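These notes concern the structure reproduced below.
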Amino acid sequence: MEVLIYLIALSTCWQSNVAQSGRDLVESLKSLGFSEIELAYGITSAIFAQLLPALKSNNVRPVSLHNFFPAPDVPHPGGNEWSFSSEDPEERNTAVVFTKRAIEIAGDLGAEALIVHCGYVIVNPCTNELHEIYDAGQIEAPSGNRLLGKIKAGRASKIGGALDRVRECLEPLVEAAQKAHVKIGLENRCQAHEIPNSEDLEFLLSYFDNEHIGYWHDIGHAAVQENLGLDSQTVLLGRYRARTIGVHLHDADGYRDHLAPGEGGVDFTFVKDNLPNDIIKVLEIQPAVTVEQMRAGIGHLTKAGIV
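What the sequence shown shows, in numbering that gives the first Met the number 0, is residues 0 to 306, in sequence order.
This is the structure we're talking about:
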């Protein structure tokens, strides 16, 4: 049977939790038609060691890595083990050390980018309350406006110091990225307290006017924040287009994301019209997505002109 070859990368987060070995993971993704992948943060050092020779033998190229990589030896690694915004200097230093390691690995592999989570502000994001108000259709009602005002005010009161700490952590990392010929992608996040949102990016990207650091647009995260009244996909795409280095492609329905494209409410034609053409494109879908849904999702992206 002829194997389709997709002109898009696939994040290993889709199948890394079910693969028996690194070799199995690479061979499985290659058999489905992917010759480019993103190595996600769930891959352990042991799996990575198995995966390395399989990349070469299967002619599969990692185009990007997701921090922290490989996964630290902690229960349920998820990319948020240590925060650049932490008030604890030891935690910030650990985050920098592990990120430098990931940058070096990315450079050794010939990957183009490392995607990073910057941290968060220590405030109550009121996530459950936001979801309840969204489910009730009250985001734009007085009750929704009051809750959003409370969340945004709390965030604004703490963000200045948090961004300064993020900036300090990023300074040595940008130097490391330049040496490794890798770009750092600052990924927009999903919850209200997480960094960066569209305003935070203005501060960070203005400070780092450097080709080795840019914006990584996560479509599903932006859609969730927009649906909940927290941020705007239009602003993120428009304001930071010139600094966008890559995109995570997945759909969102309300506050549920990482769905196959076409399974939610994202207007991918609009997204396509507002993305640069020459960026890294990675399909980042949850493990529950079936092979059939994945293939249909790529068809949806193709119809929209993204791939």
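Each residue gets a CB set at the ideal place from its N, CA and C atoms; glycine is no exception. In this text, all values refer to a predicted model and were calculated from it rather than measured experimentally.
Per DSSP, the beta bridge partners of leucine 9 are Ile36, Leu282. Beta-carbon to beta-carbon, threonine 126 and glutamine 190 are separated by about 6 Å, close enough to satisfy the 8 Å threshold.
The three-state secondary structure of arginine 188, taken from DSSP, is coil. In the three-state DSSP reduction, alanine 140 falls in the coil class, being neither helix nor strand.
Residue range 197-206 is occupied by the alpha helix (DSSP H) that includes aspartate 199. One thing to note: proline 171 has its Cβ within 8 Å of the Cβ of valine 95. If you draw a straight line from the Cα of tyrosine 119 to the Cα of asparagine 273, it comes to about 27 Å. Leucine 229 has its alpha-carbon roughly 30 Å from the corresponding atom of threonine 93.
When DSSP assignments are scanned along the stretch 92-174, the uninterrupted stretches of alpha helix (DSSP H) that are 4 or more residues long and fall wholly within it turn out to be 126-134.
Distance from the CA of lysine 178 to the CA of asparagine 209, rounded to the nearest whole angstrom, comes to 13 Å. Contact between the stretch 125-141 and the stretch 162-171 is not established, with fewer than three Cβ pairs separated by less than 8 Å. Rounded to whole angstroms, histidine 249 and threonine 98 show a C-alpha spacing of 25 Å.
Going by C-alpha positions, proline 69 is about 11 Å away from leucine 50. By alpha-carbon distance to proline 275, the top candidate from Lys55, Ser205, Gly213, Phe207 is Gly213.
Contact between the stretch 258-271 and the stretch 213-222 is present: 3 or more CB-CB pairs across the two stretches fall below 8 Å. Among the bridge pairs identified by DSSP, lysine 182 is matched with Ala112. Counted as a single uninterrupted DSSP element, the alpha helix (DSSP H) harbouring alanine 222 occupies residues 218-226. Counting C-beta atoms within 10 angstroms of its own C-beta, lysine 182 has 16 or more neighbours from the protein chains shown and is therefore classed as buried. In this structure, isoleucine 305 lies away from alanine 112, with their beta-carbon atoms at least 8 Å apart.
Residue state for valine 270 is assigned as helix, using DSSP reduced to three classes. Residue pairing by DSSP puts threonine 243 in a beta bridge opposite Tyr214. At the C-beta level, glutamate 37 and valine 281 come within 8 Å of one another.
If you draw a straight line from the Cα of glycine 296 to the Cα of asparagine 79, it comes to about 28 Å.
Under the DSSP assignment, serine 63 falls in the beta strand (DSSP E) whose first and last residues are 60-65.
In summary, glutamate 35 is buried, with 16 or more beta-carbon neighbours lying within 10 Å of its beta-carbon over all protein chains present. In chain order, Gln49 place their CB closer than 6 Å to the CB of serine 20, counting only its own chain and leaving out the 5 sequence neighbours on each side. Taking every protein chain shown into account, the CB of valine 290 has fewer than 16 other CB atoms within 10 angstroms, so this residue is exposed.
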